[in-house]
Amino acid sequence: MAKVAPELQYSDEHEWVARDSGEAGSNIVSVGISAVATDALGDIVYVDLPEVGSAVTAGETCGEVESTKSVSDLYSPVTGEVTEVNSAVVDDPALINNDPYGAGWLFKVAAESDGPLLSAEEYASKNGGEL
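The opening position of the sequence shown corresponds to residue 189 in the working numbering, with each subsequent residue numbered one higher.
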């Protein structure tokens, strides 16, 4: 059973959101895809991410993830401006499978608002993951 990180929030489309705990009042969030999604996708071979400076809207597509099984749209779980992209996963998409909640993060956003997000417990219950 796929691991669900208890400290994160999740979208219905299997993206996770991590709040930056560094600077007080920071609205920077990191976005990635869950281990539930990576298990379903299989080996990820290509990722297309939004560009730094581009606007993303919660619930809207902002890129895609290609695996040996399929191509899946990537949805932004928040609305805001992309501040950073993880170039390591562009160069080596297997990082997403190997460490979806760590080195496999996808991009960071200066979030203006969140889309509908689930707690880790809600996401695990709905998608068969384990905390």
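The beta-carbon is built from N, C-alpha and C at its ideal position, and this holds for glycine as well.
*At what residues does the alpha helix (DSSP H) containing Y311 begin and finish?*
308–315
*How big is the Cα-Cα spacing for E195 and W204?*
10 Å
*Note down, in chain order, each residue of its chain lying with its Cβ closer than 7 Å to the Cβ of S255, except the 5 sequence neighbours on either side.*
Excluding residues up to 5 positions away in sequence, L229, G230, D231, I232, V233 lie with their Cβ nearer than 7 Å to the Cβ of S255 in the same chain.
*Got a sec, what are the start and stop residues for the alpha helix (DSSP H) V224 sits in?*
223–229 is the span of the alpha helix (DSSP H), which, as asked, contains V224.
*Candidates P265, V235, V240: which alpha carbon is nearest E248's?*
P265
*So what does DSSP say about A162, is it helix, strand or coil?*
In the structure as shown, the chain begins at 189 and stops at 319. Residue 162 is therefore absent and cannot be evaluated.
*Cutoff 6 Å; reference G317; Cβ partners in own chain excluding five residues on either side*: Here the set comprises A190, V192, V224.
_Rounded Cβ spacing between Y311 and Y198 (contact assumed at less than 8 Å)_ = 4 Å
*Out of curiosity, what's the CA-to-CA distance linking D200 and V219?*
Answer to the nearest angstrom: the Cα atoms are 14 Å apart.
*Straight-line Cα distance separating A276 from S301*: 27 Å
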